[in-house]
Amino acid sequence: MPCYVRLMHKEDITQVADIDHEAFPAMWPPANYGDELRNRLAHYIVACDEGKTMAEFGLEAALEKGISGLASKIRRLFNHNRFFGNEPYSSDRQYISGFAGFRLIAEEAHLTNIAVREAYRQQGIGELRLISVIDLAAGLNAGIITLEVRVSNTAAQNLYRKYGFTQTGLRRGYYLDNREDAVIMSTENIASASFQAQLNRLKQAHSKKWGIPLYQVIR
Ligand SMILES: CC(C)(COP(=O)(O)OP(=O)(O)OC[C@H]1O[C@@H](n2cnc3c(N)ncnc32)[C@H](O)[C@@H]1OP(=O)(O)O)[C@@H](O)C(=O)NCCC(=O)NCCS
């Protein structure tokens, strides 16, 4: 499953809203991604499965209805080759496996969202997305990255902790659907030598684990 990470475009909104709905079913309606794209403070990226076009996805969805398991076997035939880049694309044809975004306000990048389609989880894609967010934020001279995450969301918290986020606060009853508390997590200065050294170690480990080339920063 070769994977390509690039900036989000308006043609991606339908798929991104779909992933948002799958990942956050209680948070309906999803964020207005059209507004987000027009917001100069907001920066969104998507990862595309280069092994699959939307046309193939339509075929696979049909197969999944009729022949259970065949589609997942087809998926496993793709190898993992993920990298960042900036090459020409045709958004309407690309199959998006996940997205992430942040707003940059006064050198603080606030991670607003990160989500991976269920079928693509635990394959290093969320981690790849977080790496690209950190690189993009660093390229925009962000100092720290901060976010809120549900206290029950251990998968996301583990991901953030792995990349140096620590708990810096708690917002009681933050989530309106069930009044769940939010843990506030933040990095140290992402431009610091210690953070960058650890980030490089994590990138190398991720690259080795998933068999992908080292990363280029998105521009
Ligand atoms: C959180 C999320 C983005 C992780 O994406 P992913 O592609 O499945 O994660 P990865 O495969 O890259 O895993 C990276 C790290 O995340 C953590 N992690 C991921 N899934 C996990 C799970 N099910 N349980 C525990 N830790 C998990 C681990 O630390 C993992 O590192 P490791 O492989 O060294 O153990 C994904 O679960 C998701 O989309 N969840 C729904 C949306 C969401 O909750 N977003 C966060 C909002 S704050």
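Going by my numbering, the first residue of the sequence shown is number 8, and it counts up by one from there. All residues carry an ideal CB built from backbone N, CA and C; glycine is no exception.
Taking DSSP's pairing of strands, which residues face residue i in a bridge?
i, result
"ILE197", "Paired residues: none, contrary to the question."
"HIS117", "ARG110, THR153"
"LEU177", "VAL190"
"ALA54", "VAL12, GLY105"
"VAL123", "GLY105"
"ALA49", "ARG110"
Take residue i and list the residues in its own chain whose beta-carbon comes closer than 8 angstroms to its own, dropping the five residues that flank it on each side.
i, result
"GLU114", "ASN148, ALA149, GLY150, ILE151"
"ASP184", "ALA33, MET34"
"GLY105", "ILE26, VAL53, ALA54, ILE121, ALA122, VAL123, ARG124, TYR127, ILE132, GLY133, ARG136"
"THR21", "none"
"ALA144", "HIS50, PHE109, LEU111, ALA116, ILE152, ILE197"
"LEU234", "Beyond the ends of the chain as shown, which are 8 and 226, falls residue 234; an answer cannot be given."
"ILE191", "THR153, LEU154, GLU155, GLN174, THR175, GLY176, LEU177, ARG178"
"TYR167", "LEU137, LEU154, VAL156, MET192"
"GLU187", "ARG157, VAL158, SER159, GLY180, TYR181"
"HIS28", "TRP35, PRO37"
"ASN46", "ARG110"
"LEU118", "ALA107, GLY108, PHE109, VAL140, ILE152, THR153, LEU154"
"HIS213", "GLY131, GLU134, LEU135, ILE138, ILE219"
Would you mind sorting residue i into buried or exposed? The rule is 16 or more other CB atoms within 10 Å of its CB.
i, result
"ILE219", "buried"
"LYS215", "exposed"
"GLY176", "exposed"
"ASP142", "buried"
"VAL158", "exposed"
"SER139", "buried"
"ILE112", "exposed"
"GLY41", "exposed"
"ALA200", "exposed"
"ALA68", "In this prediction, ALA68 scores a pLDDT of 49, lower than 50, which makes its location untrustworthy; the coordinate-derived value is nonetheless stated afterwards. With fewer than 16 other Cβ atoms within 10 Å, it is exposed."
"ASN211", "Looking at the sequence itself, residue 211 is Gln, so the reference to Asn does not match. Classification of GLN211: exposed, given that the 10 Å Cβ count is below 16."
"ARG208", "exposed"
"ALA163", "buried"
Only counting the same chain, and skipping five residues up and downstream in sequence, which positions put a Cβ closer than 6 angstroms to that of residue i?
i, result
"ALA189", "GLU155, ARG178, TYR181"
"SER75", "Note on SER75: pLDDT 39, under 50, position unreliable in the model; no value is reported."
"GLN129", "none"
"ARG82", "Below a pLDDT of 50, predicted positions are generally treated as unreliable, and ARG82, at 38, falls in that range; no measurement from the model is reported."
Which same chain residues, not among the five before or five after residue i, have their C-beta less than 7 angstroms away from its C-beta?
i, result
"ALA30", "ALA122"
"GLY171", "THR194, GLU195, PHE202, GLN205"
"LEU48", "ARG110, LEU111, ILE112"
"THR24", "Inspection of the sequence shows that residue 24 is occupied by Ala rather than by Thr. The answer, listed in chain order, is PRO37, TYR40."
"ASN165", "none"
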